[in-house]
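Under my numbering, think of the first position of the sequence shown as 2, with each following residue one higher.
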Amino acid sequence: MARRGAAGFAPDREFSPAEIDALGADDIGDVVGKLNAAVGGQTPPVVIINGQRVADPEALLVFPPDALARVEVLPPTATAIYGDGDPTRRVLNVVLLRRFDSYDAAEGVTSSTSGGYQALSGELKRSRIVEADTSQLRLQARGNSGLSASDRPDYLQDHPGSAALDLRPQVRRVAADLSLTRSLGDWRGAFRGGVQAQRSRFVVGADGRFIANRNSSAALNGKVSLSGNLLNWSVRSSLSGSLSRFSTEGATPVRSNERSMTLDTSVNRNVLTLPAGPVALDLSGQVYRSRSLSAGANARTSLHGRTGTVGADLSIPLTRAVTPGEGGGRFGPSFLKLGASHRAADAGSGDNLTLGAFWSPLKVVSLNGAWVHATEAPTDLQRFAPLTTGQAIVVHDFRTGRSVTVTPLLGGNASLRSATRDMTSLGVSAGPFTTWRVLAGASVRQARLAREIGALPMPTSDIEAAFPERFRRDDAGDLISIDQRPINITSSSTRLLTGNLSISAPADSALVGSGGALQLSLSYSLRLNDTTVIRDGLSRMDRLSGDAGGVARQEFFIGLDARRDRMTLNLAGHRQSGYRLRQISGQDGPGDLDIGAFSMIDLKLGYIVIMAGRGAESARRNQGLTVNLAVENLLDRRPEAHLTDGRVAPGYGRDDRDPVGRSVKLELLQRF
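Here is the structure:
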């Protein structure tokens, strides 16, 4: 008999309830993100529920982590069957408990150890699962104080006259969300909807004076989806819509309203059977419509967005798995996945092509390769977001050699064009090995982009010369504002080598005790190449050598998640190597900056105060109180940079890049 919730592939790695609980995650979506990163996933994974694809898996990702029976990380070959057109994404099978019922409350208070910054948060959640029927209602409220420059003496010493500026905005947010899934005969329906409202306030400098910016936004969104079988086709369809309103008062007053609607439909079935297995065909289509109306001090704009997409994927088995007692199958299972789609949009049209190859020559070894050619149109937000003033930022002004506080301009760029991306990747994963379930993987990926949509790079001398219209200076030549709206970068090329390793202690070993867990995950990335042409007519810039803002060559991450008895511990460490930031591309000079290596550690400790409860649930989550203590940036590290003569670089004072620094959060979780 097949195991409940099992997918069509044996998992590379299965995470048990004890291992899930040791993650200290907020919800199932948080669990998925952490596990995907632990096994080397570089893009968001494909999520299936109880072994099946559903139209809206996100409707179930907001449930508490202990509503999970297990999570399966499927081998890369599963992407050939469950993938959604991107052959580089991993597939995670989320298996829910048959029955789950909880009332949860969470309250948290956060404070910077340097003072001046506090945040409060609260959440109420009602969750219920009865076989295939689920429901959840969630209410959230969050708010934080603003952080004034007057709260940071070091900042004022480097930037005299800035006492009235806000380094972090004051924010208030409330939200309510409802999700439902129901069995409708042989079909499955889902509804997800929510409403959010947010207000923020911060003081900026504009034209020699200080102005208070007040932003207000509200949004209403909903999604209805349906999954089932029709005429031997597996069907998934959803209709979603949103209404939003935004207004700002201050330096750049504006009001805007936007509404949008999206219809998504996909169908799949086996179309023929080869000696190695069935050939699966996926067909998909999407229609998107939006309208936005914005009014500023001197202009009123009405814009319409329209996008239509059709696509097809074909999964072709080449060889089959070894079957005990049968001949053949000596090469292990292998697949090809071919994909094609066409998108027509107001911002541009294009064709997307994908090719994926997957092979498991051994039970514990998987090889995969992918090639993608994609045309990516700019989003409505990138094109139509209203022009607003952002909070003050500190930059190193290469022209004057001084540190300056500038006001950024934010918003959309209606002239953006579609970008094209060509990507190739090769990867290998192996494991799990031994009772410690060691899983390892490595991949190399190369990407070439044309007209890439991105932000303006670090404002070096040659970047300002390439985009003079984006920089504003006063009569004295001091930089006072930077236009940070998105741009089309002419071309870029990157090549990245990554590796990952995860290790889990055997269940019930002396190290973790009964019902405990210990997991260690490591990942490493090495940039082999990173070049760009910022604008037509300019020479190619080598970012690894320090051009176009520079970039770190190496990054390293370590994560440790443990639970023993009532205690949980979560430790996350990140380090990136130092690099050079050139004033003028193509040559080292005395005005360059040496950006220091940067490390940061986050720590979270949890303690279950009461473990009494009803039935088996009490072994995983208390029916009383849990206390969490989380410290972000445990060592209070701040980004650093020096001039070539060893002096601290202007713009890289202690509070310039991260004025909050280390913060401590005390959280109380109550289950009723």
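Even for Gly, the Cβ is constructed at its ideal location relative to N, Cα and C. Every value quoted in this text rests on a predicted model; they were computed, and no experiment measured them.
In whole angstroms, what is the alpha-carbon distance linking residue i and residue j?
{"i": "D531", "j": "G538", "result": "19 Å"}
{"i": "M482", "j": "S218", "result": "Checking the sequence, you will find Ser at residue 482 rather than Met. Going by the C-alpha atoms only, they are around 25 Å apart."}
{"i": "S416", "j": "A508", "result": "57 Å"}
{"i": "F10", "j": "R576", "result": "35 Å"}
{"i": "A277", "j": "P318", "result": "6 Å"}
{"i": "I21", "j": "F558", "result": "20 Å"}
{"i": "G147", "j": "M424", "result": "42 Å"}
{"i": "F101", "j": "D67", "result": "9 Å"}
{"i": "S546", "j": "Q555", "result": "13 Å"}
{"i": "L561", "j": "V365", "result": "24 Å"}
{"i": "R174", "j": "N145", "result": "9 Å"}
{"i": "G592", "j": "L304", "result": "45 Å"}
{"i": "D352", "j": "Q137", "result": "39 Å"}
{"i": "I29", "j": "V63", "result": "6 Å"}
{"i": "R567", "j": "A441", "result": "30 Å"}
{"i": "P362", "j": "S335", "result": "8 Å"}
{"i": "R449", "j": "S494", "result": "4 Å"}
{"i": "I490", "j": "G286", "result": "29 Å"}
{"i": "A207", "j": "G455", "result": "25 Å"}
{"i": "G500", "j": "R14", "result": "17 Å"}
{"i": "L480", "j": "P460", "result": "10 Å"}
{"i": "L240", "j": "N571", "result": "39 Å"}
{"i": "L282", "j": "N269", "result": "5 Å"}
{"i": "L410", "j": "L457", "result": "12 Å"}
{"i": "P12", "j": "Q485", "result": "44 Å"}
{"i": "A511", "j": "L523", "result": "23 Å"}
{"i": "E618", "j": "G25", "result": "Since pLDDT at E618 reaches only 43, below the 50 mark, its modelled position is unreliable, and the value read off the structure follows with that caveat. One C-alpha to the other measures close to 17 Å."}
Determine the DSSP secondary structure at residue i, reduced to helix, strand or coil.
{"i": "V55", "result": "coil"}
{"i": "K666", "result": "strand"}
{"i": "F336", "result": "strand"}
{"i": "K364", "result": "coil"}
{"i": "G377", "result": "The amino acid at residue 377 is misidentified as Gly; the sequence shows Glu. Looking at E377 - three-state DSSP - the assignment turns out to be strand."}
{"i": "Q43", "result": "coil"}
{"i": "N37", "result": "helix"}
{"i": "G402", "result": "coil"}
{"i": "D659", "result": "coil"}
{"i": "V175", "result": "strand"}
{"i": "G278", "result": "strand"}
{"i": "L232", "result": "coil"}
{"i": "P409", "result": "strand"}
{"i": "Q520", "result": "strand"}
{"i": "D67", "result": "helix"}
{"i": "R615", "result": "In this prediction, R615 has a pLDDT of 47, which is less than 50 and means its spatial position is unreliable; what the coordinates show is noted afterwards. Note: R615 maps to coil in three-state DSSP."}
{"i": "G328", "result": "For G328, the pLDDT reaches just 46, beneath the cut-off of 50, and the residue's location in the model is therefore unreliable, leaving the point undetermined."}
{"i": "V268", "result": "strand"}
{"i": "R307", "result": "strand"}
{"i": "R638", "result": "coil"}
{"i": "D347", "result": "coil"}
{"i": "R5", "result": "coil"}
{"i": "A60", "result": "helix"}
{"i": "L382", "result": "helix"}
{"i": "N27", "result": "Correcting the residue type first, residue 27 is Asp in the shown sequence and not Asn. Coil."}
{"i": "V396", "result": "strand"}
{"i": "L75", "result": "coil"}
With a cut-off of 8 Å on the beta carbons, I'd call residue i and residue j a contact; round off their distance for me.
{"i": "G406", "j": "V395", "result": "Correcting the residue identity first, residue 406 is Thr in this sequence and not Gly. T406 to V395, Cβ: 6 Å. Contact."}
{"i": "N230", "j": "D187", "result": "6 Å"}
{"i": "R169", "j": "D656", "result": "Rounded, the Cβ-Cβ distance is 11 Å, inconsistent with contact."}
{"i": "S113", "j": "R663", "result": "7 Å"}
{"i": "L93", "j": "N51", "result": "Not quite, the Cβ-Cβ distance comes to about 12 Å (not below 8 Å), so this is no contact."}
{"i": "R720", "j": "V74", "result": "Only positions 2 to 673 of the chain appear in the structure, and residue 720 is not among them; the question remains open."}
Give me the DSSP bridge partner(s) of residue i.
{"i": "I50", "result": "Q53, V95"}
{"i": "E20", "result": "Answer by DSSP bridge pairing: none, since E20 is not bridged."}
{"i": "V628", "result": "Y608, L669"}
{"i": "P318", "result": "F336"}
{"i": "T249", "result": "N216, V255"}
{"i": "F203", "result": "N214"}
{"i": "S505", "result": "Q520"}
{"i": "D423", "result": "H374, R449"}
{"i": "R291", "result": "Reading the sequence as shown, one finds Ser at residue 291 and not Arg. Beta-bridge pairing links S291 to S261, G306."}
{"i": "D352", "result": "H343"}
Discussion item. Going residue by residue through the region 78-155, where are the continuous beta strand (DSSP E) segments of at least 3 residues, counting only ones entirely within it?
Written reply: 92-97, 100-113, 119-131, 134-145
Worksheet entry | Ranges of the beta strand (DSSP E) found wholly within the region 523-611, counting only runs of at least 3 | As far as the region 523-611 is concerned, its whole beta strand (DSSP E) runs of at least 3 residues are 555-565, 568-577, 580-582, 594-596, 599-609.
Worksheet item: Of all the beta strand (DSSP E) runs that stay within the bounds of the region 427-493, which reach a length of 3 or more residues?
Response: 439-455, 472-474, 480-484
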